[in-house]
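Participant: According to the numbering used here, the residues represented by the sequence shown are 423 to 750, in order.
Heads up, the beta-carbon is just placed ideally off N, CA and C, and yes, glycines get one too.
Input: one structure, supplied below.
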Amino acid sequence: MEKNLSKPFSVFLLWLLSQSVLVCCQLDYKFYDYTCPNLTKIVTYGVWSAIANDTRMAASLLRLHFHDCFVNGCDGSLLLDDTSTFKGEKTALPNINSVRGYEVIDAIKSNVEKACPSTVSCTDIVAMVSRHAVYLAGGPYWALPLGRRDGRTAGSVDEVSQQLPSPFEPLDNITAKFTSKGLNLKDVVVLSGAHTIGFAQCFTFKSRLFNFDGSGNPDPTLDASLLQNLRSVCPNQADSDTKLAPLDPITSTRFDNTYFRNLLNNSGVLQSDQALLGDNTTASMVINYSRFPYLFSRDFGASMVKMSNIDVLTGQNGEIRKNCRVIN
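Shown next, in the form of structure tokens:
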């Protein structure tokens, strides 16, 4: 009898020890299987509801994840609200009035807390949300290791400007910022493909329409038809700066490889996107992804996993926030 009783206890003890190792040392694909078994369902429904209400939200949620990870790692610090004694990433110039979707994360986190209190980090929720946003927009679904914890502070305003790639920078600068995060030139091209969905504010590309390189003329490489369309959306007036234009005018809400075909037709909206054709190595990748959608889908998932692992907190580092906007 003792032998029969001890066996299940031994199995439980081994499982408990294995979970401790995972918690303390690494991310794992089954991290919440026992502690929050309905997590994926909760996240999926939350993202589906958000996109059903606003088709732009898929791109916004993907961008939110990118902006969080590129400033001092994937730690949910972008979600923190400013206080009287704390000014964080959310209100830095590249993020304020630009990054959106915080309320979607709040709603999903609230439902997760009801199901599994103090168990799932805001950072893991953001990583899962971006994956589901891509998938529900018609893109790939990738296996995602979990177990990230939330940061207790945020990057400074200067760190946001220094670390986030800008649409006004040359390709070499953008590549250097990717490299500093453990990513490479291939990741630059693949993750730029996220611009197959979403919109850009006019000020991010308006110089290409009216005064490229201070010449008083438009960018000569920009497709004439696209130039005309963008000028109608973004007239040469200051009050048009915050108007929106689709980054992929053909399939702006569907995640596919049209973005790369657009580049080959000189129809990249952002100069930083079109610049991918100015380098032989990146240009060859653009051509391959324009021809083989499966290749893009496969590589995009792989690059997203790499990005979501930038300087993550695990084990006893960081915390599991109960409210994503404030530290515990």
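Nearest CA to the CA of residue 644: which residue from 616, 620 and 687?
Facilitator: Of 616, 620 and 687, the residue nearest in Cα terms is 687.
Participant: Does the Cβ-Cβ distance between residue 622 and residue 691 come in under 9 Å?
Facilitator: Yes, the Cβ-Cβ distance between residue 622 and residue 691 is below 9 Å.
Participant: What did DSSP end up calling residue 634 once you bin it into helix, strand or coil?
Facilitator: Correct three-state label for residue 634: helix.
Participant: Take the Cβ of residue 723 as the centre, count every other Cβ of all protein chains shown within 10 Å, and call the residue buried at 16 or more, exposed below.
Facilitator: By the 10 Å Cβ count, residue 723 comes out buried.
Participant: Is it right to say residue 590 is buried, meaning 16 or more other beta carbons lie within 10 angstroms of its own, or is it exposed?
Facilitator: That one is exposed.
Participant: Can you check which of these residues, 679, 710, 501 and 706, is closest to residue 559 by C-alpha distance?
Facilitator: That would be 679, whose Cα lies nearest to the Cα of residue 559.
Participant: Comparing the C-beta of residue 573 with each C-beta of chain B, is any distance below 9 Å?
Facilitator: Looking at the structure shown, chain B is missing, and only one protein chain is on hand.
Participant: In angstroms, rounded to a whole number, what distance separates the CA positions of residue 463 and residue 495?
Facilitator: Each residue's Cα considered, the two are about 26 Å apart.
Participant: Would you mind reading off the limits of the beta strand (DSSP E) that contains residue 666?
Facilitator: Looking at the DSSP string, the run of the beta strand (DSSP E) that includes residue 666 is 666-668.
Participant: When the Cα atoms are used, what is the spatial distance from residue 503 to residue 665?
Facilitator: Roughly 26 Å between the two C-alpha positions.
Participant: Pick out whichever of 530, 707, 451 and 540 has its Cα sitting closest to the Cα of residue 471.
Facilitator: Cα-wise, what sits closest to residue 471 is 530.
Participant: Could you pull the start and end residues of the beta strand (DSSP E) that residue 623 belongs to?
Facilitator: That run of the beta strand (DSSP E) goes 621-623.
Participant: What residue range does the alpha helix (DSSP H) around residue 475 cover?
Facilitator: Taken as a continuous stretch (DSSP letters only), the alpha helix (DSSP H) holding residue 475 covers 461-475.
Participant: Is the segment 522-538 close to the segment 728-736, with three or more CB pairs under 8 Å?
Facilitator: Short answer: they don't touch.
Participant: Is the Cβ-Cβ distance between residue 698 and residue 556 less than 9 Å?
Facilitator: Taking 9 Å as the Cβ cut-off, residue 698 and residue 556 do not qualify as a contacting pair.
Participant: Below 8 Å, can you find three or more Cβ-Cβ pairs linking the segment 504-518 to the segment 450-461?
Facilitator: With a cut-off of 8 Å, the segment 450-461 and the segment 504-518 do not count as touching, because too few Cβ pairs lie within range.
Participant: Here's a check: name, in chain order, each residue in its chain whose Cβ is nearer than 7 Å to the Cβ of residue 432, leaving out the five neighbours to either side.
Facilitator: Because the pLDDT at residue 432 is just 49, under 50, the model does not fix this residue reliably, and the value given afterwards should be weighed accordingly. Nothing listed; no residue qualifies.
Participant: Can you tell me where the alpha helix (DSSP H) with residue 662 in it begins and where it stops?
Facilitator: Note, residue 662: premise wrong, no alpha helix (DSSP H); not H, not E.
Participant: Could you tell me the distance, in whole angstroms, from the CA atom of residue 703 to the CA atom of residue 750?
Facilitator: Answer to the nearest angstrom: the Cα atoms are 46 Å apart.
Participant: Quick check on residue 600: does DSSP put it in helix, strand or coil?
Facilitator: Note: residue 600 maps to helix in three-state DSSP.
Participant: Taking 9 Å as the threshold (C-beta atoms), are residue 613 and residue 707 in contact?
Facilitator: Not a contact, by the Cβ cut-off of 9 Å.
Participant: Kindly indicate which three-state DSSP category residue 643 falls into: helix, strand or coil?
Facilitator: Looking at residue 643 - three-state DSSP - the assignment turns out to be coil, as it is neither helix nor strand.
Participant: Which partner residues does residue 699 have in the DSSP bridge list?
Facilitator: Answer is none; residue 699 lacks a bridge partner.
Participant: In terms of alpha-carbon separation, which member of 709, 635, 615 and 725 lies closest to residue 695?
Facilitator: Answer by Cα proximity: 615.
Participant: Nearest-angstrom Cα distance between residue 549 and residue 731?
Facilitator: Cα to Cα, residue 549 sits roughly 10 Å from residue 731.
Participant: To the nearest angstrom, report how far apart residue 446 and residue 653 are at their CA atoms.
Facilitator: The pLDDT assigned to residue 446 is 39, lower than 50, so where the model puts this residue is not dependable; a value taken from the coordinates is nonetheless given after this. Going from the Cα of residue 446 to the Cα of residue 653 covers about 54 Å.
Participant: Secondary structure at residue 571, three-state DSSP: helix, strand or coil?
Facilitator: Residue state, collapsed to three classes: strand.
Participant: Can you give me the C-alpha to C-alpha distance between residue 739 and residue 574, rounded to a whole angstrom?
Facilitator: C-alpha separation (whole angstroms): 9 Å.
Participant: Whole angstroms are fine: how far does the CA of residue 587 sit from the CA of residue 596?
Facilitator: Answer to the nearest angstrom: the Cα atoms are 5 Å apart.
Participant: Rounded to whole angstroms, what's the CA-CA distance from residue 518 to residue 500? Just pull it up for me.
Facilitator: Going from the Cα of residue 518 to the Cα of residue 500 covers about 11 Å.
Participant: Hey, quick one: how far does the alpha helix (DSSP H) through residue 554 stretch, first residue to last?
Facilitator: Unbroken alpha helix (DSSP H) run through residue 554: 544-558.
Participant: From the DSSP secondary-structure annotation, give me the bridge partner or partners of residue 505.
Facilitator: For residue 505, which the question treats as bridged, DSSP gives the partners 508.
Participant: What is the DSSP secondary structure of residue 535, counted as helix, strand or coil?
Facilitator: Helix, per DSSP.
Participant: Which same chain residues, not among the five before or five after residue 534, have their C-beta less than 6 Å away from its C-beta?
Facilitator: Result list for residue 534: 464 and 542, in chain order.
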